[in-house]
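Mapped onto this note's numbering, the consecutive letters of the sequence shown carry residue numbers 185 to 417.
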Amino acid sequence: MSTLRMTSDLRRELILSAAKRCFARHGFAGTTTKSVAAAASISEGLLFKHFPTKSALYAEILADECEADPGLNGLLALEPSTETLVVLVRGMVGHFLHASDLPEQQEAQRLRLMMTSLVDDGEFARLLYEKIGNLIGPVFTASLERAVASGDASRVGREPLNLFWFAHHTVLMAALSRLPTVPCLTYGNAVDLERQTCEFILRGIGLNEAAIAGHLDRELSPDQMRAVARESA
């Protein structure tokens with residue numbers, strides 16, 4: 185049984201490796217499960233035994249990229265605290281607001297894919313939200329609880345994880361409005377937009393002004409910034 189499980193695991197890795205090459209070369213829309221199967225030298229039917237749809241395959245690749253990032257592992261290992269909470273929010277805001285600035289446009293393509301999924305069958309969005317929630321949700325909620333316990337925040341509602349999703353939706357929509365070559369919405373004082381968005385979210389999840397002022401301006405390490413950036417993709 186151990187040999188069969190190992191063979192299955194190795195085959196899964198083979199499929200993911202082939203899929204990464206296909207998606208990198210042709211993008212999501214230009215890649216088919218048939219082309220991935222051919223690149224992995226397996227049948228399309230065998231591919232479906234591991235990944236039932238193209239969306240499931242792509243979502244798994246994104247999750248693997250997150251979990252393999254040493255910066256994210258370091259972030260997830262941080263003691264839950266007000267500072268960790270601010271690190272998460274600041275990194276997420278910075279990533280989304282600058283997604284369209286990256287030269288390779290990969291993050292912008294992922295945002296478009298997410299929006300297409302939300303207004304279509306929702307499959308890709310559901311898969312990705314589940315993986316994001318499982319990965320980041322426990323750190324966010326534990327840090328928020330510590331912030332409340334330490335007096336840095338007031339409790340807002342009865343479902344702490346909902347606050348994470350409210351924050352995520354806020355920056356997702358802000359990013360989508362900036363994706364077109366001519367942005368749909370031009371925010372005033374764009375230089376201060378990132379900080380203003382962070383303050384809006386941190387106040388919304390219950391942090392008080394002293395906690396925001398005390399933590400928001402602290403510099404993130406490069407590893408932390410890369411880790412939180414991958415979390416939102």
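C-beta atoms are modelled at their ideal positions from N, C-alpha and C, and glycine is treated no differently. If you're wondering where the values come from, they're calculated on a predicted model, not measured in any experiment.
Rounded separation between residue i and residue j - CA only
{"i": "G248", "j": "L312", "result": "Residue 248 is actually Asp in this sequence, not Gly. Using only the alpha carbons, I get a separation of about 12 Å."}
{"i": "A203", "j": "E291", "result": "17 Å"}
{"i": "C368", "j": "R342", "result": "35 Å"}
{"i": "R310", "j": "E393", "result": "34 Å"}
{"i": "R330", "j": "I245", "result": "32 Å"}
{"i": "L386", "j": "L200", "result": "37 Å"}
{"i": "V220", "j": "V303", "result": "26 Å"}
{"i": "H353", "j": "R339", "result": "20 Å"}
With 16 other Cβ atoms within 10 Å as the buried cut-off, status of residue i
{"i": "H399", "result": "buried"}
{"i": "E314", "result": "exposed"}
{"i": "P344", "result": "buried"}
{"i": "A397", "result": "exposed"}
{"i": "T191", "result": "exposed"}
{"i": "D376", "result": "exposed"}
{"i": "L194", "result": "exposed"}
{"i": "H279", "result": "buried"}
{"i": "A283", "result": "buried"}
{"i": "A213", "result": "exposed"}
{"i": "G335", "result": "exposed"}
Cβ separation of residue i and residue j, assumed to be a contact under 8 Å, to the nearest whole Å
{"i": "T217", "j": "K238", "result": "5 Å"}
{"i": "T266", "j": "A359", "result": "That belief does not hold up - the Cβ atoms of T266 and A359 are roughly 25 Å apart, past 8 Å."}
{"i": "I389", "j": "A351", "result": "7 Å"}
{"i": "V277", "j": "E378", "result": "6 Å"}
{"i": "L281", "j": "T381", "result": "7 Å"}
Beta-bridge partners of residue i, as assigned by DSSP
{"i": "A337", "result": "L391"}
query: Quick check: the segment 309-324 against the segment 260-269, are there 3 or more CB pairs under 8 Å?
result: yes
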